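A.B. asks: So for the sequence shown, my numbering puts the first residue at 1; every next one is plus one. For every residue, glycine included, the Cβ atom is placed at its ideal position computed from N, Cα and C. Quantities reported herein were computed from a predicted structural model and do not represent experimental measurements.
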Amino acid sequence: MFSTFCHLFPGIYGLEIDFTDTSFFTSSPNRHLPTPAQVRALSKDIDTCPQPTPIKFENLNLIVKFGLYVKTAEALNLWMIKKVFHNKCRDSLGTMEKGAISDQLSQIMESLRRLEQDPSDQFIGSIHRQSLLDYVFIGQLITGPFSSTKEFNDWLASIYRSRFPNRYGYRNRCSLPDNGEIKLTHAELNPRNIIVSSFTPVEIVVINWRQAGWYPDYWEYCKALDTCWDDRWRKGYVDKVLQSHADAFFVWSEYCMVLGTN
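(1) Can you find the residues in the same chain that come closer than 6 Å, C-beta to C-beta, to Asn190, ignoring five residues on each side of it along the sequence?
(2) If you draw a straight line from the C-alpha of His245 to the C-alpha of Ser120, how long is it?
(3) Val70 by DSSP, collapsed to three states: which one?
(4) Using the C-alpha atoms, what's the distance from Met109 back to Asp103?
(5) For Ser198, list the residues DSSP reports as bridge partners.
(6) At the 8 Å Cβ level, is Phe24 part of the contact set with chain C, yes or no?
(7) Between the beta-carbon of Pro54 and the beta-carbon of Leu68, is there less than 8 Å?
(8) Quick one: grab the DSSP three-state call for Lys223.
(9) Express the C-alpha separation of Ala187 and Trp219 in angstroms, rounding to a whole number.
(10) Within 8 Å, do at least three Cβ pairs link the stretch 141 to 153 to the stretch 173 to 180?
(11) Return yes when at least one heavy atom of the ligand COA lies under 7 Å from the C-beta of Gly213, else no.
(12) Mind listing, in chain order, the continuous beta strand (DSSP E) runs of no fewer than 3 residues lying wholly within the stretch 79 to 140?
(13) Going by DSSP, what residues sit across from Lys56 in a beta bridge?
(14) Tell whether a beta-carbon distance below 8 Å holds between Ile207 and Ile195.
(15) Would Leu184 and Leu115 be called neighbours here (beta carbons separated by less than 8 Å)?
(16) Might you give, ordered along the chain, the residues of its own chain that have their beta carbon closer than 6 Å to the beta carbon of Tyr255, omitting 5 neighbours on each side?
(17) Note the first and the last residue of the continuous beta strand (DSSP E) segment covering Tyr215.
(18) Using only the alpha-carbon positions, how far apart do Gln107 and Ile204 sit?
(19) Among the residues of its own chain, which have a CB less than 6 Å from the CB of Thr143, if the five just before and after it don't count?
(20) Do you know offhand how far Glu74's Cα is from Val64's?
(21) At what residues does the alpha helix (DSSP H) containing Lys44 begin and finish?
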C-alpha cells in the first residue's frame with residue numbers, strides 16, 4: 001500500500017526538503033550544497049531558457065537541476081522509487097535482448113502500479129496531493145487534485161467543450177472510462193527515459209520522474225503512445241508492458257491537443 005511509505009516522506013508538504021539519507025550527506029556530513037548564486041554564475045542559459053541545463057559540480061560529485069518547472073515533487077518521486085526498488089532494478093534473463101528489456105520493463109511497471117492509495121482517501125494529483133505535473137497541463141489555472149476519475153474526466157472534457165462547443169469531440173467523452181482505478185503513473189514512459197545499463201544480464205533504469213503522480217489508469221498508456229510514435233515502440237513494448245486503452249487514446253489525444261491552444 002502507498003500509505004506504507006507516507007510516514008517515511010521527509011517533510012512532503014514543504015517547499016524545501018533535505019534528503020539527509022542520500023550519499024551527498026552521508027559520505028561527508030560537513031559538505032554544503034551550492035548556493036543559488038553559485039548555480040546562477042555557472043549557468044549559460046538561465047536567462048534564455050525556461051528549463052536551463054543542469055549544472056555539474058565535479059568537486060562535489062553533484063548535478064544541480066533548477067528552473068521554473070523544477071518541483072520538490074520530482075525529488076520526492078525519485079526518493080520514493082529508490083525506497084520501493086531498494087536502489088536496484090529487477091533483472092531478467094532472455095534469449096533476445098529486446099525481449100529481456102520488455103520483460104524487465106513490464107516487471108518495473110507492474111511493481112509501480114501495484115502501489116495503492118488508501119481506498120477511503122483517493123485522489124488524482126501529484127504524489128503529495130498537489131496539482132498534476134504533466135506537461136500537457138502547463139498554463140491551466142486548475143490542475144487538481146481531483147477527488148475521482150470522473151471528476152478529472154469531466155474537467156478535461158469541459159475545457160474541450162468551452163473552446164470548441166460545436167465539435168463532436170465532446171460527445172466522445174464516454175470513451176474516457178470513469179470506473180478505472182487510480183494508478184501511480186510515470187507519465188513520460190518512452191525510449192528516451194529508459195537506460196539499459198547492462199546486457200549480461202539485462203538491467204534497465206527508468207529515469208525522468210518529474211511528471212509522475214496519481215492519474216487515471218489509462219494515462220500511462222496514452223502518454224507512452226503520444227510521446228513516441230515509433231511503431232516498434234508500440235508493438236514491441238507498449239502493447240506488451242501496459243494494458244491497452246486504444247479507445248481512450250483517440251479522445252485523450254484530441255482533448256490534450258486543445259490544452260495547448262490556450
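C.D. replies: The answer reads as follows:
(1) Looking up residue 190 in the sequence shown gives position 190. Excluding residues within five positions, the ones whose Cβ falls inside 6 Å are Thr227, Cys228.
(2) Mapped onto the sequence shown, residue 245 falls at position 245. Mapped onto the sequence shown, residue 120 falls at position 120. The C-alpha of His245 lies about 26 Å from the C-alpha of Ser120.
(3) Taking the sequence shown and counting its residues from 1, one reaches residue 70 at position 70. In the structure shown, Val70 sits in coil (DSSP, three-state: anything other than H, G, I, E or B).
(4) Taking the sequence shown and counting its residues from 1, one reaches residue 103 at position 103. Taking the sequence shown and counting its residues from 1, one reaches residue 109 at position 109. Approximately 10 Å between the Cα atoms of the pair.
(5) Start at 1 with the first residue of the sequence shown, and residue 198 comes out as number 198. Ser198 is bridged to Glu203.
(6) Although the question refers to chain C, the structure presented lacks it and comprises just one protein chain.
(7) The count along the sequence shown starts at 1 and reaches residue 54 at position 54. The count along the sequence shown starts at 1 and reaches residue 68 at position 68. Not in contact: Pro54 and Leu68 (Cβ atoms no closer than 8 Å).
(8) Working through the sequence shown from its first residue, we reach residue 223 at position 223. If DSSP states are grouped into helix, strand and coil, Lys223 belongs with the helices.
(9) On the sequence shown, residue 219 is found 219 positions in, with the first residue counted as 1. On the sequence shown, residue 187 is found 187 positions in, with the first residue counted as 1. Cα-Cα distance, rounded: 7 Å.
(10) yes
(11) Only the bare structure without any ligand can be found here, which leaves the ligand COA out of the picture.
(12) none
(13) Position 56 of the sequence shown, counted from the first residue, corresponds to residue 56. Answer is Ile63, bridged to Lys56.
(14) Residue 207 sits at position 207 when you count from the first residue of the sequence shown. Residue 195 sits at position 195 when you count from the first residue of the sequence shown. Their beta carbons are under 8 Å apart, which means Ile207 touches Ile195 by this criterion.
(15) Taking the first residue of the sequence shown as 1, we reach residue 184 at position 184. Taking the first residue of the sequence shown as 1, we reach residue 115 at position 115. Contact flag set, yes.
(16) Working through the sequence shown from its first residue, we reach residue 255 at position 255. For Tyr255, where only same-chain residues beyond five positions count, the Cβ hits under 6 Å are Leu156, Tyr160.
(17) For the purposes of this step, residue 215 is taken as residue 215 along the sequence shown, with counting starting at 1. Counting along the chain, the beta strand (DSSP E) containing Tyr215 begins and ends at 213 to 216.
(18) Reading the sequence shown from its first residue, position 107 is the one you call residue 107. Reading the sequence shown from its first residue, position 204 is the one you call residue 204. Approximately 11 Å, taken between the alpha carbons.
(19) Along the sequence shown, read from residue 1 onward, the residue named residue 143 stands at position 143. Excluding positions up to five away in sequence, the list reads Ser131, Leu132, Phe137.
(20) Translated into positions along the sequence shown, residue 74 becomes position 74. Translated into positions along the sequence shown, residue 64 becomes position 64. Between Glu74 and Val64, the C-alpha separation is close to 13 Å.
(21) The residue labelled residue 44 in the question sits at position 44 within the sequence shown. First-last for Lys44: undefined, no H or E at that position.
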